[in-house]
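Engineer:
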Amino acid sequence: MIKYTRVVDGGWDICPGEPADVCAGGPTPDKVDDFVEQWQRERPDLDLSAMGLFARMKVFVGALATAMNRPLEEHGLTLGDFEVLGALRASGPPCVLIPSQLSEQLMMSRAGITSRLDRLETAGLVERRLDPADRRSFRVGLTDSGRVAIDAAFAEHIANFTRLANTLTAEQRENLDDILRTLLRAL
1 MIKYTRVVDG GWDICPGEPA DVCAGGPTPD KVDDFVEQWQ RERPDLDLSA
51 MGLFARMKVF VGALATAMNR PLEEHGLTLG DFEVLGALRA SGPPCVLIPS
101 QLSEQLMMSR AGITSRLDRL ETAGLVERRL DPADRRSFRV GLTDSGRVAI
151 DAAFAEHIAN FTRLANTLTA EQRENLDDIL RTLLRAL
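What the sequence shown shows, in the UniProt record's numbering, is residues 1 to 187, in sequence order.
1) What does a CB cutoff of less than 7 Å around Asn-69 pick up in its chain, not counting 5 residues either side in sequence?
2) Helix, strand or coil for Gly-76, going by three-state DSSP, please let me know.
3) I need the DSSP call for Asp-30, collapsed to helix, strand or coil.
4) Got a sec? Which residues, its chain only, sit under 7 Å from Glu-121 by beta carbon, not counting five neighbours each side?
5) According to DSSP, is Ser-91 helix, strand or coil?
6) I think Ala-67 touches Asn-160, with their Cβ atoms under 8 Å apart; what is that distance to the nearest whole Å?
7) So the candidates are Asp-177, Ala-133, Ile-150, Gly-86; which of them puts its Cα closest to the Cα of Leu-106?
8) Spatial neighbours of Leu-48 within its chain, please: C-beta separation below 8 Å, excluding the five flanking residues on both sides.
9) Tell me the DSSP bridge mates of Arg-129?
10) Quick one, are the C-beta atoms of Gly-124 and Ser-145 less than 8 Å apart?
11) For Ile-98, tell me which candidate among Ser-137, Glu-83, Phe-82, Pro-71 has the shortest Cα-Cα distance.
12) Using CA atoms only, rank isn't needed, just tell me which of Val-59, Pro-71, Val-32, Ala-165 is closest to Ile-150.
13) Contact check, Val-84 vs Leu-117 under 8 Å by CB: the rounded distance?
14) Can you tell me where the alpha helix (DSSP H) with Ile-113 in it begins and where it stops?
Have a look at this one:
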């Protein structure tokens with residue numbers, strides 16, 4: 001693990017006592033490093049080795065959400081709209097589900113799904129029809145406009161994921177995927 005030491009001019013000495021060429025290409029310290037350093041100064045009795053990792057993940061998730069929402073907004077969609085349209089589209093032809101299926105897939109309350117469906121129906125992206133097999137229920141399906149919207153937004157969404165993932169090597173992507181899977185299991 002690289003230890004950073006603050007130097008007098010406000011820069012970072014990444015490898016104290018090592019020649020510059022030995023340390024070339026190391027990670028550039030960021031605000032998370034400053035945050036951890038502050039806490040380390042205040043609480044030297046604690047092992048803060050995990051703090052930077054999880055603080056950096058939090059910053060990353062926030063930045064990712066902002067970056068991923070931008071193209072959705074350009075299509076007039078919220079993340080919630082995108083999730084509902086995506087679930088319908090991924091269900092395959094005829095791209096129809098009942099609200100309880102959407103609720104289960106998106107891990108949302110039925111009231112939350114109803115609110116999203118109301119908005120999407122008003123926008124002409126989904127339509128609700130009575131279920132012929134059970135007239136107490138209805139089916140939700142993509143309209144032609146809804147299909148066009150989700151296909152365009154999804155293509156941009158995947159392009160953004162691909163662009164971001166391509167900043168890593170194939171080995172790094174595989175390692176990160178394994179690491180995140182392990183951490184999710186630990187929760």
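Backbone N, C-alpha and C define an ideal beta-carbon position, used for all residues, glycine too.
Small disclaimer: the values here were computed from a predicted structure and weren't measured.
Structural biologist: According to the structure shown:
1) Only Leu-79 meet the Cβ criterion.
2) coil
3) Reduced to three states, the DSSP call for Asp-30 is coil.
4) Glu-127, Arg-128
5) coil
6) 7 Å
7) Out of Asp-177, Ala-133, Ile-150, Gly-86, the CA that lies nearest to the CA of Leu-106 is found in Gly-86.
8) Beyond the five residues adjoining it in sequence on each side, Leu-48 comes within less than 8 Å, by CB distance, of Val-36, Trp-39, Gln-40 in the same chain, given in chain order.
9) Arg-139
10) yes
11) It is Ser-137.
12) Pro-71
13) 7 Å
14) 110-122
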